[in-house]
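Residue numbers for the sequence shown follow this note's numbering, so the first one is 32 and each next one is one higher. We put the beta carbon where it would ideally sit given N, CA and C, even for glycine. In this text, all values refer to a predicted model and were calculated from it rather than measured experimentally. Below you'll find the structure, written out as structure tokens, and then a few comments.
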Amino acid sequence: MKIYKLKSVKKKKKLLILGGSSLLAYLWVKEINNIYEILLTKHKYCINYMGLEAIEIDLFSRNSVQRILETYNIDIVVNCIGLTNVETCEKYPFEAFKLNSHLPGIIAYACNLTNTKLIHISTDHFFDYQSILYSEEDKVRLINVYAKSKYEGELEVLNNCQSSIICRTNFFGYGPAHKNSFSEWIEQSAKNNQKIVLFKDVFFTPVSGKNLAFYAHKLLDQNYSGIFNISSDKQISKFDFGKLLCQKLKIPSFSILPGSIDDRSDLVKRPKSMGLSNSKLTKAIKNQNLSIEMQIGSIL
């Protein structure tokens, strides 16, 4: 496998991560901390990632966002903010569209005015009609408020800042103490022999948060823009992902049980097939090995 290194310059560019207390922000910082001068925005939690500066911004004010970008001479913004809980989005649609649609438009507008590069994190919840790997050009099927709000957020970003990179993705990794991630939940449950049910009929193409950051910055280095699927090579069910993770960790997986999402009438309707084709990405970064095994290996 070819090894790629992100460009490093004598004078570090300044990067602002919005949603600084999120799992993805934590993983992003760990991947690119030595390459950029990083600032984070803070919200509920006191952030202390490697001594980085955390700042407060009124993100719903275009003038406030623009002023911060200019004051700190920000070169790149990574937007990790989003209301991602599907149940919460369905219950509170106003908040979902405020955070997932309206806010990305404000951020993109400010980035465009200040000539700041923007990496916007989207989702893989846009498809469901057949078990294929969906390309960036395939017609979307939006079956819940979360998907609708995230898709509208993409449109807001593209309309306000055409030079942006939009990452459609589903990521995993080990986070800070206040963020118990999907992969950590699986690992701890297996180690404690605690029974958990993972869906055998929900498929996705996950990447590690570490590699998501790496691939996004490779695209940025090469001046790409637009929508990119950042995903692994093949679909895997949530159940098989849990079993594979345990296999790679060399821990028993007897407590991980298969289940069907069709049996969960209490949940908001979700897509079963979320597989994303990474053909456009692999051509751009000239990397042909984005296997799920490699993604899991990158976090161990």
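Residue burial classification, residue i (beta-carbon count within 10 angstroms, cutoff 16)
| i | result |
| --- | --- |
| W216 | exposed |
| Q253 | exposed |
| T154 | buried |
| D297 | exposed |
| M32 | With a pLDDT of 37 at M32, under the threshold of 50, the predicted position of this residue should be treated as unreliable, though the coordinate-derived value follows. Classification for M32: exposed. |
| I282 | exposed |
| K42 | exposed |
| E87 | exposed |
| G184 | buried |
| L251 | buried |
Beta-carbon proximity list for residue i, same chain, < 6 Å, skipping 5 on both sides
| i | result |
| --- | --- |
| L71 | I48, G51, I78, L83, A85 |
| S284 | A221, K274, C277 |
| F91 | none |
| K249 | I316 |
| F128 | S180 |
| V233 | K269, I292, K303 |
| S194 | S256 |
Identity of the residues DSSP links to residue i by a beta bridge
| i | result |
| --- | --- |
| K45 | E68 |
| V176 | Looking at the DSSP assignment, V176 forms no beta bridge with any residue, so it has no partner. |
| N110 | L49, H151 |
| C198 | I152, F259 |
| G290 | F230 |
| V238 | F202 |
| Y165 | L307 |
| I86 | T72 |
| I330 | The partner list for I330 (beta bridge, DSSP) is empty, contrary to what the question assumes. |
Supposed close pair residue i, residue j - CB separation, criterion 8 Å
| i | j | result |
| --- | --- | --- |
| I196 | A247 | 6 Å |
| T200 | S262 | 6 Å |
| I174 | G306 | Not really, about 16 Å apart at Cβ, beyond 8 Å. |
| H151 | A178 | Wrong, their Cβ atoms sit about 16 Å apart, outside the cutoff. |
| N206 | L54 | It should be noted that the sequence gives Gly, not Asn, for residue 206. Indeed, because the Cβ distance is near 4 Å, the residues count as touching under 8 Å. |
| I105 | A244 | Not confirmed; about 17 Å, so no contact. |
Contact set for residue i: own chain, Cβ-Cβ below 8 Å, skip 5 residues either direction
| i | result |
| --- | --- |
| L331 | K279, L280 |
| P237 | N201, F202, F203, S262, S263, I267, F272, I323, Q326 |
| I34 | Here the model assigns I34 a pLDDT of 42, short of 50, so the residue's position is not dependable and the matter cannot be decided. |
| Q161 | S304 |
| E187 | S132, H133, P135, G136, A139 |
Test: residue i CB closer than 8 Å to a CB of chain D
| i | result |
| --- | --- |
| D293 | Considering every chain present, this structure includes no chain D. It has just one protein chain. |
Cβ-based neighbour list, residue i, same chain, cut-off 7 Å, excluding 5 preceding and 5 following
| i | result |
| --- | --- |
| S308 | L164, Y165, S166, N260 |
Near the ligand ADP: residue i beta-carbon under 7 Å from a heavy atom
| i | result |
| --- | --- |
| S166 | This structure lacks the ligand ADP; in fact it carries no ligand of any kind. |
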